[in-house]
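J.:
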Amino acid sequence: MTTLVAFVGVYLLVSVAIGLFAARRVKTAGDYANAGRSLPLYIVIATVFATWFGSETVLGVPAKFVDQGLGGIVEDPFGASLCLILVGMFFARRLYRMNLLTIGDYYRQRYNRPVEVIVSICIIVSYLGWVAAQITALGLVFNVLSQGAISVSGGMIMGASIVLIYTLFGGMWSVALTDLFQMSIIVAGMIYIAYLVSDVAGGAGVVIHHAANAGKLDFWPEPTGPELLAFTGAAVTIMFGSIPQQDVFQRVMSARTETISATGAIAGGSLYFAFAFIPIFLAYSAQLIDPAMFASLVKRTPS
1277 MTTLVAFVGV YLLVSVAIGL FAARRVKTAG DYANAGRSLP LYIVIATVFA
1327 TWFGSETVLG VPAKFVDQGL GGIVEDPFGA SLCLILVGMF FARRLYRMNL
1377 LTIGDYYRQR YNRPVEVIVS ICIIVSYLGW VAAQITALGL VFNVLSQGAI
1427 SVSGGMIMGA SIVLIYTLFG GMWSVALTDL FQMSIIVAGM IYIAYLVSDV
1477 AGGAGVVIHH AANAGKLDFW PEPTGPELLA FTGAAVTIMF GSIPQQDVFQ
1527 RVMSARTETI SATGAIAGGS LYFAFAFIPI FLAYSAQLID PAMFASLVKR
1577 TPS
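Using the working numbering, the first residue of the sequence shown is number 1277, and each one after it goes up by one.
1) Answer yes or no: do E1392 and Y1383 have a C-beta to C-beta separation smaller than 8 Å?
2) Less than 6 Å between C-beta atoms, sequence neighbours within five positions excluded: which residues of the same chain meet that for E1534?
3) Could you tell me the alpha carbon to alpha carbon distance between L1493 and Q1344, rounded to whole angstroms?
4) Alpha carbon to alpha carbon, what distance is there between S1422 and G1285?
5) Give me the Cα-Cα distance between L1564 and F1495, rounded to the nearest whole angstrom.
6) For the pair the stretch 1504-1519 and the stretch 1281-1301, tell me if three or more CB-CB distances fall below 8 Å.
7) Is G1347 closer than 8 Å to P1497 when the C-beta atoms are compared?
8) Take A1538 and list the residues in its own chain whose beta-carbon comes closer than 6 Å to its own, dropping the five residues that flank it on each side.
9) If you count every other CB in all the chains shown that lies within 10 Å of the CB of P1338, and 16 or more means buried, which is it?
10) Any idea what DSSP makes of L1493, helix, strand or coil?
11) Determine the closest residue to A1581 out of D1475, S1357, G1312, Y1471, with distance taken between C-alpha atoms.
12) So F1325 is in the alpha helix (DSSP H); what residue range does that whole segment cover?
13) Could you tell me the distance, in whole angstroms, from the CA atom of L1317 to the CA atom of T1500?
14) Report the three-state DSSP secondary structure of A1425 (helix, strand or coil).
15) Pairing CB atoms from the stretch 1550-1565 with CB atoms from the stretch 1325-1336, are three or more of them under 8 Å?
16) From this set, I1438, A1425, S1429, K1303, which residue's C-alpha is nearest T1412's C-alpha?
17) Please list, in chain order, all residues of the same chain as G1447 whose beta carbon is under 8 Å from its beta carbon, the five residues on each side excluded.
In structure tokens form, the structure reads like this:
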């Protein structure tokens, strides 16, 4: 545990260092808001992938899958990944040609200043719950790693402070480079852990077979009005509702060219969909190995 805590500490310090180093590239408002529209494809893919991939994906989504199955996670990762793919297919090129600084600029150009302000306020309000869930889950991670030495609320403050430090100084440049570093570490680590857990649980085939027998792989809801309405509402909330959002727009518009913008969104969304199932697999495997421990963790995880 001491080694793990030390690794996480170094990981966080390196993230802050990269973010502050990237801040040296910021010279103009365009550099701060969209990295001067100069990011290559591999960084765009990484930062688009990181749009949704966070503590909620690692903790919240797997807990919901264990409880409700595939149908319970239609919003994320299904809707979330499709949102990014749809942006790349239908919106990225057109918006890129408009050379906008923020998504609010589009509404000002298309309509007027009052519409821009109203839409911007709606966007801010719409993300309060999502951000709260991410920060709460991040606080839980600190609490678990420290074996209770750091409270959940203290972990929330620490995690939010770290992100704010490099974001405020470096804007999109800091976000993009830290996303590349963090996603590389996270993806490699999760693949390795999945390999180890799969072996302990009896293999991936055993886990998937158990999930299928338990009805966890059933995707479509019961053909009744309330069930269909709830399923559809969950699916379109992020799939369509997050298309005109600043975080998605900012990452896609930071690309070097419009082709990179569209390709990066499609590839990033596709990768997110694939890798979001790794923590789901880990969570279900953990439930098979030690149900009591998993139940204790789920109880403290934000939904």
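For every residue, glycine included, the Cβ atom is placed at its ideal position computed from N, Cα and C.
T.: This is what the structure holds:
1) yes
2) R1369, Y1372
3) 10 Å
4) 11 Å
5) 21 Å
6) no
7) yes
8) G1364, A1368, R1369
9) buried
10) coil
11) There is no way to answer for residue 1581, as the model of the chain reaches only from 1277 to 1579.
12) 1317-1325
13) 44 Å
14) coil
15) yes
16) S1429
17) A1299, V1302, D1307, Y1308, A1309, A1311
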